[in-house]
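These notes concern the structure reproduced below.
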Amino acid sequence: TYMAPTASIFGDFTKDPSIMYNNFRVYGTALLAVMGTIVFIGVKFVNKFAGVALACVIMSIIAVYVGLFTNINGNEAL
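Its first residue numbered 1, the sequence shown is counted upward by one per residue in the working numbering.
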């Protein structure tokens with residue numbers, strides 16, 4: 001409401017400073033609800049693919065160790 005006085009919900013905040021704080025409470029609650037929804041959807045999405053992501057990470061680590069022990073002497077011919 002300070003940067004956009006026309007977005008004031010409870011009236012003119014220049015007459016009463018408590019109006020501005022009430023606007024902050026309403027906008028803060030709305031923003032918190034939106035961010036909470038985004039995080040909740042994100043967590044559900046990550047949980048669906050957590051097994052696949054874990055398998056990719058484990059296979060990558062195994063591939064690094066296989067490559068390390070396969071070419072341990074620095075030979076270019078595999």
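Just so you know, even glycine gets a beta-carbon here, dropped at the ideal spot from N, CA and C.
Exercise. Cβ of Ile19 within 8 angstroms of Cβ of Gly11?
Worked result: yes
For this session: Give the straight-line distance between the Cα atoms of Tyr65 and Val26, rounded to the nearest whole angstrom.
Result: 55 angstroms
Exercise. Between which two residues does the alpha helix (DSSP H) containing Ala7 stretch?
Worked result: Premise fails: Ala7 is in no alpha helix (DSSP H) and is neither H nor E.
Problem set entry | Helix, strand or coil at Lys15 [DSSP, three-state] | coil
Exercise. Alpha carbon to alpha carbon, how far is Ile41 from Ala33?
Worked result: 12 angstroms
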